[in-house]
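J.: Position one of the sequence shown corresponds to residue 1 (UniProt numbering), numbered consecutively onward.
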Amino acid sequence: MAFSLWLAFGRYNLARNDITFIGTANFEGLLTDPKVATSLGNTLFYAILAVPLEIVVALGLALLLSRVGRGAGVFRTIFYLPKMTPAVATAALFFLLLNGNSGAVNRALRAIGIEGPQWLVDPAWVKPSIVLMSLWAVSGTMIIFLAALRNVPRELYEAASLDGAGSGRMFFQITMPMISGAIFFNVIVLTIAAFQVFDSAYLLFWRDNANSSPEASLFYAIYLFQKAFRQFDLGFAAAMAWVIFVIIMLITLVQVRVGNRYVYYESEN
């Protein structure tokens with residue numbers, strides 16, 4: 001980290017393997033490069049869309065698994081298997097599923113009278129397609145929610161049931177407060193991961209020169225990769241890395257300050 005910070009204030013010469021100090025020129029370049037703003041905007045849009053969806057889907061799956069009695073271990077294993085799928089295989093799968101003309105997703109939509117979009121071509125649907133791909137590996141978050149649900153005292157539900165509380169009220173008045181720590185943790189981890197999204201977008205759109213939506217699929221980590229390992233502008237890439245590090249740190253601090261007001265900690269009560 002110390003070396004990358006020094007590199008952010010310099011220009012690296014690959015042939016001579018030395019660094020020339022140039023002050024804040026790299027950081028000033030970030031302000032004038034339109035692709036930096038575009039990639040940061042795409043990343044922010046993806047984070048705002050992906051994190052809530054991943055939380056909802058993971059919590060929904062965890063609630064389903066928590067109700068399974070016999071064979072629960074088998075179902076947990078089946079639900080977790082997508083997490084173990086290599087990123088390249090997952091990208092290849094979704095490249096076929098989201099094909100606008102012959103993909104299984106659009107064929108299913110046509111079966112119910114809906115004309116599906118060109119997921120991998122239309123700039124308006126590029127980021128949603130990557131969000132759908134991110135939901136494939138949501139089982140890691142699901143496992144954390146499942147562990148939190150197992151730790152909710154059963155007697156709380158029994159007492160609420162005796163008082164006439166319905167399932168909806170018990171969910172919002174008991175389950176949500178009792179697993180708020182897990183929700184808080186997952187939101188922070190998923191937000192950090194969302195700002196570093198790379199492999200799914202790169203494998204779907206940037207593995208070759210046939211990208212039809214370069215602006216819509218340009219994420220911050222992808223542009224950083226291009227600057228560092230395609231253009232070999234390592235000083236500029238290091239400056240980009242430090243900027244996203246500061247952004248993530250500030251967002252995390254805000255989340256911690258806000259989250260501490262709503263998270264229930266059993267040890268403090």
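C-beta: ideal position from N, C-alpha, C; glycine also.
Since this is a predicted model, take the numbers as computed values, not measurements.
Using only alpha-carbon positions, find the residue among Ala221, Ala201, Thr191 and Phe232 that is nearest to Val254.
T.: Translated into positions along the sequence shown, residue 254 becomes position 254. Closest option to Val254, Cα to Cα, is Thr191.
J.: Is the separation between the beta-carbon of Lys227 and that of Ala239 shorter than 7 Å?
T.: One-based indexing of the sequence shown puts residue 227 at position 227. One-based indexing of the sequence shown puts residue 239 at position 239. Their beta carbons are not under 7 Å apart, which means Lys227 does not touch Ala239 by this criterion.
J.: Between Val105, Phe94 and Arg70, which has its C-alpha nearest Phe205's C-alpha?
T.: Indexing the sequence shown from 1 puts residue 205 at position 205. It is Phe94.
J.: Tell me whether the beta-carbon of Val131 lies closer than 7 Å to the beta-carbon of Ser213.
T.: To locate residue 131, count along the sequence shown from 1; it is residue 131. To locate residue 213, count along the sequence shown from 1; it is residue 213. The answer is no: Cβ separation not under 7 Å.
J.: I'd like the list of long-range same chain contacts for Tyr223, defined as Cβ closer than 6 Å, with 5 residues on each side in sequence excluded.
T.: Counted from its first residue, the sequence shown places residue 223 at position 223. Cβ neighbours of Tyr223 beyond the five flanking positions: Lys35 and Ser39.
J.: Does the beta-carbon distance from Phe68 to Phe75 come in below 7 Å?
T.: Taking the first residue of the sequence shown as 1, we reach residue 68 at position 68. Taking the first residue of the sequence shown as 1, we reach residue 75 at position 75. Residue identity check: residue 68 is Val in the sequence provided, not Phe. Result yes, Cβ atoms of Val68 and Phe75 sit closer than 7 Å.
J.: Using the Cα positions of Ala221 and Phe171, report the straight-line distance between them to the nearest angstrom.
T.: Working through the sequence shown from its first residue, we reach residue 221 at position 221. Working through the sequence shown from its first residue, we reach residue 171 at position 171. One C-alpha to the other measures close to 38 Å.
J.: So which of Ala37, Thr32 and Trp6 has the shortest CA-CA distance to Ile22?
T.: Sequence index remark: in the sequence shown, residue 22 carries index 22 (1-based). Closest by alpha carbon: Trp6.
J.: For a quick check, are the C-beta atoms of Ala47 and Val138 less than 7 Å apart?
T.: Position 47 of the sequence shown, counting from 1, holds the residue named residue 47. Position 138 of the sequence shown, counting from 1, holds the residue named residue 138. The answer is no: Cβ separation not under 7 Å.
J.: Determine the DSSP secondary structure at Asp199, reduced to helix, strand or coil.
T.: One-based indexing of the sequence shown puts residue 199 at position 199. In the structure shown, Asp199 sits in a helix (DSSP, three-state: H, G or I).
J.: Any idea if Gly10 is buried or exposed, counting beta-carbon neighbours within 10 angstroms, 16 or more meaning buried?
T.: To locate residue 10, count along the sequence shown from 1; it is residue 10. Per the 10 Å Cβ criterion, buried.
J.: Ignore the nearest five residues each way along the sequence and tell me which others in Tyr265's own chain have a CB closer than 8 Å to its CB.
T.: Translated into the one-based positions of the sequence shown, residue 265 becomes position 265. Answer for Tyr265: Gly181, listed in chain order.
J.: Quick check on Phe21: does DSSP put it in helix, strand or coil?
T.: Taking the sequence shown and counting its residues from 1, one reaches residue 21 at position 21. It is a strand residue.
J.: In whole angstroms, give me the CA-to-CA distance for Gly71 and Ala2.
T.: In the sequence shown, residue 71 corresponds to position 71, counting from 1. In the sequence shown, residue 2 corresponds to position 2, counting from 1. Answer to the nearest angstrom: the Cα atoms are 51 Å apart.
J.: Can you give the beta carbon distance from Ala148 to Ile179, rounded, assuming they're within the 8 Å contact cut?
T.: Position 148 of the sequence shown, counted from the first residue, corresponds to residue 148. Position 179 of the sequence shown, counted from the first residue, corresponds to residue 179. The Cβ separation is near 4 Å, so the contact holds.
J.: Looking at C-alpha atoms only, which residue of Gly235, Met249 and Ala124 is the closest neighbour of Asp18?
T.: Position 18 of the sequence shown, counted from the start, is the residue given in the question as residue 18. The residue with the shortest Cα to Cα distance from Asp18 is Gly235.
J.: Could you compute how far the alpha carbon of residue 270 sits from the alpha carbon of Val56?
T.: Here the chain covers residues 1 to 269 and nothing more, so residue 270 does not appear.
J.: Does the Cβ of Phe232 have 16 or more other Cβ atoms within 10 Å, making it buried, or fewer, making it exposed?
T.: Along the sequence shown, one-based indexing puts residue 232 at 232. By the neighbour-count rule (16 or more Cβ atoms within 10 Å), Phe232 is not buried but exposed.
J.: Quick check: the Cα distance between Asp33 and Val152, rounded to an integer number of angstroms?
T.: Here residue 33 corresponds to residue number 33 of the sequence shown, with the count starting at 1. Here residue 152 corresponds to residue number 152 of the sequence shown, with the count starting at 1. Approximately 50 Å, taken between the alpha carbons.
J.: Taking a contact to mean a Cβ-Cβ separation below 7 Å, would you say Ile97 touches Ala104 in this structure?
T.: The residue given as residue 97 occupies position 97 in the sequence shown. The residue given as residue 104 occupies position 104 in the sequence shown. The question names Ile, but residue 97 is Leu in the sequence shown. Yes, the pair counts as a contact, with Cβ atoms nearer than the cut-off.
J.: What does DSSP give as the partner residue(s) for Gly100 in the beta ladder?
T.: Stepping through the sequence shown from its first residue, residue 100 is reached at position 100. Beta-bridge pairing links Gly100 to no other residue.
J.: When we look at the beta-carbon of Ser200 and count the other beta-carbons within 10 Å, is it buried (16 or more) or exposed?
T.: Position 200 of the sequence shown holds residue 200. It is buried - the Cβ of Ser200 has at least 16 other Cβ atoms within 10 Å.
J.: Return the CA-CA distance between Val121 and Phe219, expressed in angstroms with no decimal places.
T.: Your numbering for residue 121 matches position 121 in the sequence shown. Your numbering for residue 219 matches position 219 in the sequence shown. For Val121 and Phe219, the distance between alpha carbons rounds to 16 Å.
J.: Would you call the CB atoms of Asn106 and Gly116 closer than 7 Å?
T.: Within the sequence shown, the letter at position 106 stands for residue 106. Within the sequence shown, the letter at position 116 stands for residue 116. Closer than 7 Å, so yes.
J.: Is the Cβ-Cβ distance between Ala185 and Ala62 less than 7 Å?
T.: As a working note, residue 185 is residue 185 in the sequence shown. As a working note, residue 62 is residue 62 in the sequence shown. Checking the displayed sequence, the identity of residue 185 turns out to be Phe instead of Ala. Contact flag unset, no.
J.: On the premise that Trp119 lies in contact with Leu100, defined as a C-beta separation below 8 Å, what is that separation, rounded to the nearest angstrom?
T.: Within the sequence shown, the letter at position 100 stands for residue 100. Within the sequence shown, the letter at position 119 stands for residue 119. Here residue 100 is Gly; the residue named in the question, Leu, does not match the sequence. Yes, they are in contact, since the Cβ atoms of Gly100 and Trp119 sit about 6 Å apart, within 8 Å.
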